[in-house]
């Protein structure tokens, strides 16, 4: 099977690497370094988007935003027009559901099949091949790529029709962002109440009321080193997409709106490229006046 992977950021490069032993893999990225790394391991580098997809049975995209997906997929030089008829585009990028539905319609008009398959998981699960795929689309299309998804992840959730994978990702990231904000705020209050950071990072994440992912984030906070597993600027982008989606469905999101303002302030303060748990560092500075 000929497979193309477009978008080799932190997540995409690791996902593509897990595919490499199993398929004929072509890769494309706007910056050359990740391409060179995968070529050294046996992938083929494409010279352009059209070259990348010309012989592909399946094209995966893992890009930063709806705007980047649109720029690379649509238009006169986009890859969609160069894909073989009846090939399959699997978009793993986090985008809003209405964008996924529009992408599915554009793919259908071009004679291409489409799945939206964003992932739950960050850098380490991408490295380990233990991501969760949230898939929207037909059973037949999912069955075609299921073996490929299983090389990159250990769980596949078929959420329904096209666009529903992206919709479910909105729900996950809404909880993720807010849980981090609540944890950071609570831990900082705990220090003001006389508990040590060590004690709080040892105990709070392990309570029944705490989300499991907070144990890993507590270690970043403990050491004050926020190497990006999930960059804060991308969490802010996802909260913007969440707000847009809620507006389209006339559903107010009071808590998520507060969370978006917090992440926007942390981003403006220079934490955008840090892990999103750096919200703790921002709030700590803010609490000191």
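Numbering (the working numbering), first residue to last: -17 to 271. Glycine included, each C-beta is placed from N, C-alpha and C at the ideal position.
Residue i versus residue j: straight-line alpha-carbon distance, rounded
i, j, result
"residue 138", "residue 226", "26 angstroms"
"residue 194", "residue 248", "23 angstroms"
"residue 244", "residue 8", "40 angstroms"
"residue 134", "residue 0", "6 angstroms"
"residue 220", "residue 156", "8 angstroms"
"residue 36", "residue 6", "13 angstroms"
"residue 207", "residue 136", "29 angstroms"
"residue 251", "residue 214", "11 angstroms"
"residue 24", "residue 270", "52 angstroms"
"residue 132", "residue 152", "23 angstroms"
"residue 18", "residue 233", "45 angstroms"
"residue 15", "residue 178", "43 angstroms"
"residue 27", "residue 79", "31 angstroms"
"residue 255", "residue 105", "14 angstroms"
Contact belief for residue i with residue j at Cβ below 8 angstroms, rounded distance in angstroms
i, j, result
"residue 38", "residue -15", "7 angstroms"
"residue 20", "residue 34", "That belief does not hold up - the Cβ atoms of residue 20 and residue 34 are roughly 13 angstroms apart, past 8 angstroms."
"residue 238", "residue 146", "Their Cβ separation, rounded to whole angstroms, is 19 angstroms, which puts residue 238 and residue 146 out of contact at 8 angstroms."
"residue -6", "residue 44", "4 angstroms"
"residue 107", "residue 77", "About 20 angstroms separates the two Cβ atoms, so there is no contact after all."
"residue 246", "residue 235", "With 8 angstroms as the limit, residue 246 and residue 235 do not qualify as a contact, their Cβ atoms being about 15 angstroms apart."
Reference residue i, options the options, closest by Cα
i, options, result
"residue 218", "74, -9 and 258", "258"
"residue 109", "-9, 265, -8 and -4", "-4"
"residue 51", "256, 84, 26 and 253", "84"
"residue 241", "222, 256 and 228", "222"
"residue 59", "73, 72 and 32", "32"
"residue 54", "2, 11 and 115", "11"
"residue 121", "255, 92 and 143", "143"
"residue 211", "-9, -13 and -17", "-9"
"residue 117", "30, 104 and 150", "150"
Close-in-space but distant-in-sequence residues of the same chain around residue i (CB under 8 angstroms, 5 per side omitted)
i, result
"residue 186", "165, 168, 169, 172, 192, 196 and 200"
"residue 70", "39, 40, 41, 94, 95, 96, 97, 123, 126 and 127"
"residue 188", "197"
"residue 90", "96"
"residue 75", "-11, 43, 44, 45, 46, 47, 48, 50, 51 and 100"
"residue 2", "20, 23, 24 and 25"
Bridge partners - residue i, DSSP secondary structure assignment
i, result
"residue 140", "117"
"residue 179", "Partner(s): none; residue 179 has no beta bridge."
"residue -12", "10 and 43"
"residue 26", "8"
"residue 102", "114"
"residue 147", "According to DSSP, which records beta bridges pairwise, residue 147 is partnered with nothing at all."
"residue 96", "71"
Same chain only: Cβ atoms within 6 angstroms of residue i, ignoring 5 sequence neighbours per side
i, result
"residue 154", "102"
"residue 82", "98, 145 and 148"
"residue 264", "248, 251 and 253"
"residue 175", "none"
Proximal residues to residue i (C-beta, below 7 angstroms), its chain only, five neighbours per side dropped
i, result
"residue 183", "200, 203 and 204"
"residue 56", "62 and 88"
"residue 162", "199, 258, 259 and 261"
"residue 266", "170"
Contact test: residue i Cβ vs the ligand MG heavy atom, cutoff 6 angstroms
i, result
"residue 52", "Because no ligand of any kind appears in the structure shown, any question about the ligand MG cannot be addressed here."
CB contact check: residue i to chain D, cutoff 7 angstroms
i, result
"residue 163", "Among the chains in the structure shown there is no chain D, since it carries only a single protein chain."
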